[in-house]
Amino acid sequence: MANRPNLFKAGKHLLIIACGLLMLYPVMWLLASSFKPNNLIFASSGLWPKTFTLDNYVNGWKGLQGITFSRFFLNSAVISVLSVIGNILTCSLAAYAFARLEFRFKSVLFACMLVTIMLPYHVLLIPQYIIFSKLDWINTYLPLIVPKWLAHDSFFILLMIQFIRGIPRELDESATIDGCGSGQLYFRIIIPLLVPALITTAIFTFIWTWDDFFSQMIYLSEIKLFTVQLGIRSLYDPSGDSDWGALLAMSVLSLVPIMTIFLLFQKHFLEGIATTGLK
Amino acid sequence: MKMAHRSAFRHGGGTAYLFLLPWLIGFFGLTLGPMLGSLYLSLTKYNLLNAPRWLGLANYRQIFTADDYFYRSLAVTFKYVLFSVPLKMIFALLVALALNKGIRLLGIYRTVYYIPSLLGGSVAIAIVWRQIFAGDGLVNHFLGLFGIEGPAWISHPSYILSTIVTLSVWQFGSAMVIFLAGIKQIPADLYEASQVDGANKLRQFFKITLPMLSPVIFFNLVMGIINSFQVFTPGYVIGDGRGGPVNSTLFYTLYLYLKGFSFFDMGYAAALAWIMLIIIGGFTSIVFVTSKFWVFYGDGREGK
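Heads up: the protein sequence lines correspond to chains A and B, in order.
Quick note on numbering: UniProt numbering labels position 44 of the first sequence as 44, and the sequence is numbered without any gaps.
Quick note on numbering: UniProt numbering labels position 171 of the second sequence as 171, and the sequence is numbered without any gaps.
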């Protein structure tokens, strides 16, 4: 009789674990298949590779037309890191102004900022593309990076505004009495206290930029400029004749940076989602 | 005089505008300007090389009266939103409820269920998805164990959309994390009081949990609708990138992309974008307007 709740609990745990394994199965399949020789990948649905090989990684890394995946990874890293820095800097500047400073048209501009959060990307796509092509920015990284340096992801501005509002104003006031101007206030008081929100912004900007496929595809067509996502997409031929081993191996590697960041910042990550509703 | 001028400058917020400068440039140069530009372009024929040629409302007339692909892509997108958004929320809520109640190992479970949301948007996972749903792929192997002969999920136009929906539902983790946080906020004494009154679990769920979670459901619903209307990568990678087989993966965004960047009919694509904005805006406002009937901002929260 006393065992029944325990039994129930164990059953529940078993069910949760089974569902969890099912959820992770596609990822595990990807990982396992990347170590199988090409002719065995689709031969069995078993996970464990009967013959273990690293050939796929070697072949895949060769990339396309003489340009290796080291180049693609480097490109993705450059774009992502520059985007992160841009977002952190310009979004926090704007957030500080909205949260702490008084200026004309503040409420109008604030409302505009809120509206842009919900604006679908595709509405801006065509005219932005035209602007960037007139500026001769096609096949450069500028269309991907410059918007981040202009605080274009207003979602993060809102996130930081809410965070700054939680910082007691007494700190600002005493710093002002000590002679700090708003510039010093921003660097010495706000930025150090804003670090948790900045980390959240950095993590999500990195992941979204790394995973971004659509705008990279539109703006980049030269292979030497390709990112990891574009590299993988080019290895893959929907009509069927892909080098599947190489494709899956590179797919695994493409997910490594994101997984690493997630595991490093896990706690921060999940709390960030819970409190802000980030994806 | 000079002093007065300076203080007026301060009150106008000269320094504030310095802080805002990057955002202001971005707002006028990358958002407001382009929006007006796209409104103008939608009334023209423009291929990026020649100057735009004024058409008036001809693009819109063409779209609504003579463009089967428009209705086709709208139908595909609606079907996707209609299935993926509610299914994802239901899964997220059920799993969040199961993981709640101070269960042991919650941290690990939460991580495991969140990982698909983390990885799901990538090209890599879309490719894996296509492969495990292929005619001789894992899913059909699995169904075969139970003697079920699965269809050709990818190559058959009636089934491919459902594989794309499953890919989206598979990523219920982020919504689940938000639900978990919401459930944690519900005061335990509500449940205790109702237990004293003799309410069973089911009644508690409908009378306490669901109403208390309604603001979170509202948030997830709005974001879910906005995001799923804009879905591109899964349809592009799991389908053949041109909407096939038989236009069954012709998502609205894909059609817009093809019009703009394959046919270089930028004016037409801009018109499609404006229609998309109005549709998304319409759906979002419906949710907002109806929210006062079903979203419960409880006194329990403010009153405590």
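Beta carbons are placed, not taken as given, at the ideal position from N, Cα and C, and that holds for glycine.
Quantities reported herein were computed from a predicted structural model and do not represent experimental measurements.
Would residue i and residue j qualify as a contact pair, given that the criterion is a beta-carbon distance under 9 Å?
i: PHE16 (chain A); j: LEU99 (chain B); result: Per the sequence shown, the amino acid found at residue 16 (chain A) is Ile instead of Phe. Yes.
i: MET160 (chain A); j: ALA95 (chain A); result: yes
i: PRO120 (chain A); j: TRP170 (chain B); result: no
i: PRO52 (chain B); j: GLY260 (chain B); result: no
i: THR163 (chain B); j: ILE238 (chain B); result: yes
i: THR15 (chain B); j: SER92 (chain A); result: no
i: SER117 (chain B); j: PHE27 (chain B); result: no
i: ALA274 (chain A); j: ALA181 (chain B); result: yes
i: SER285 (chain B); j: SER158 (chain B); result: no
i: LYS45 (chain B); j: ASP240 (chain B); result: no
i: THR209 (chain A); j: LEU135 (chain A); result: no
i: VAL24 (chain B); j: LEU264 (chain A); result: Here residue 24 (chain B) is Leu; the residue named in the question, Val, does not match the sequence. Contact: no.
i: SER107 (chain A); j: LEU248 (chain A); result: no
i: PHE296 (chain B); j: PRO187 (chain B); result: no
i: VAL228 (chain A); j: PHE69 (chain A); result: yes
i: residue 315 (chain B); j: GLN185 (chain B); result: Chain B is shown only over 1 to 304; residue 315 (chain B) falls outside these bounds and no answer can be derived.
i: ARG104 (chain A); j: ILE164 (chain A); result: no
Starting from residue i, trace the alpha helix (DSSP H) both ways and give me its first and last residue.
i: ALA98 (chain B); result: 68–99
i: TRP23 (chain B); result: 14–26
i: LEU159 (chain A); result: 154–165
i: GLN128 (chain A); result: 121–134
i: GLU170 (chain A); result: 169–177
i: PRO211 (chain B); result: 210–229
i: CYS91 (chain A); result: 69–100
i: PHE262 (chain A); result: 244–264
i: VAL146 (chain A); result: Per DSSP, VAL146 (chain A) belongs to no alpha helix (DSSP H) and is neither H nor E.
i: PRO52 (chain B); result: Element bounds for PRO52 (chain B): n/a, residue is neither H nor E.
i: CYS112 (chain A); result: 106–118
i: ASN140 (chain B); result: 138–145
i: ASP55 (chain A); result: 55–61
i: GLU170 (chain B); result: Position check: residue 170 (chain B) holds Trp in this sequence, whereas Glu was assumed. From DSSP, the alpha helix (DSSP H) with TRP170 (chain B) extends over 160–170.
i: PRO196 (chain A); result: 191–211
i: GLY182 (chain B); result: 173–185
i: GLN204 (chain B); result: 201–204
i: LEU57 (chain B); result: Looking at the DSSP string, LEU57 (chain B) is not in any alpha helix (DSSP H), and its letter there is neither H nor E.
i: GLY293 (chain B); result: A small fix is needed here, since residue 293 (chain B) is Phe in this sequence, not Gly. Its alpha helix (DSSP H) spans residues 266–294.
i: VAL228 (chain A); result: 228–235
Decide if residue i is buried, meaning its Cβ has at least 16 other Cβ atoms within 10 Å, or exposed.
i: THR253 (chain B); result: buried
i: LYS224 (chain A); result: exposed
i: PHE206 (chain A); result: buried
i: GLN216 (chain A); result: buried
i: GLY120 (chain B); result: buried
i: ILE79 (chain A); result: buried
i: VAL115 (chain A); result: exposed
i: ALA271 (chain B); result: buried
i: PHE8 (chain A); result: exposed
i: LEU49 (chain B); result: exposed
i: ALA273 (chain B); result: buried
i: ARG130 (chain B); result: buried
i: ASN200 (chain B); result: exposed
i: LEU161 (chain B); result: buried
i: THR51 (chain A); result: exposed
i: THR233 (chain B); result: buried
i: residue 344 (chain A); result: No answer is possible for residue 344 (chain A): the residues shown for chain A start at 1 and end at 279.
i: ASN87 (chain A); result: buried
With a cut-off of 8 Å on the beta carbons, I'd call residue i and residue j a contact; round off their distance for me.
i: VAL128 (chain B); j: SER251 (chain A); result: 7 Å
i: VAL112 (chain B); j: GLY20 (chain A); result: 4 Å
i: SER73 (chain B); j: LEU250 (chain B); result: 5 Å
i: ILE225 (chain B); j: VAL81 (chain B); result: 6 Å
i: ALA124 (chain B); j: SER254 (chain A); result: 5 Å
i: VAL85 (chain B); j: LEU190 (chain B); result: VAL85 (chain B) to LEU190 (chain B), Cβ: 28 Å. No contact.
i: GLY231 (chain A); j: ASN38 (chain A); result: About 19 Å separates the two Cβ atoms, so there is no contact after all.
i: PHE229 (chain B); j: THR31 (chain B); result: Not quite, the Cβ-Cβ distance comes to about 19 Å (not below 8 Å), so this is no contact.
i: MET113 (chain A); j: SER154 (chain A); result: 5 Å
For residue i and chain C, any beta-carbon pair shorter than 9 Å?
i: THR65 (chain B); result: Included in the structure are the protein chains A and B, with no chain C among them.
contact_flag[the region 234–248 of chain A, the region 55–68 of chain A] where n(CB pairs < 8 Å) is 3 or more: Contact between the region 234–248 of chain A and the region 55–68 of chain A is established, with three or more Cβ pairs separated by less than 8 Å.
Decide yes or no for the touch test of the region 61–70 of chain B against the region 185–196 of chain A: beta carbon pairs closer than 8 Å, at least 3 of them. no
At least three beta-carbon pairs within less than 8 Å, the region 116–132 of chain A to the region 33–42 of chain B: yes
Are three or more beta carbon pairs between the region 15–28 of chain B and the region 196–214 of chain B nearer than 8 Å? no
Would you say the region 289–296 of chain B touches the region 155–171 of chain A, given that touching needs at least three Cβ pairs under 8 Å? No: fewer than three Cβ pairs fall under 8 Å.
Are there three or more Cβ pairs, one per stretch, closer than 8 Å when the region 46–58 of chain A is compared with the region 73–88 of chain A? no
Three-pair Cβ contact test at 8 Å for the region 144–156 of chain A versus the region 81–88 of chain A: yes
Touching or not, the region 259–275 of chain A and the region 192–204 of chain A, by the rule of three or more beta carbon pairs under 8 Å? yes
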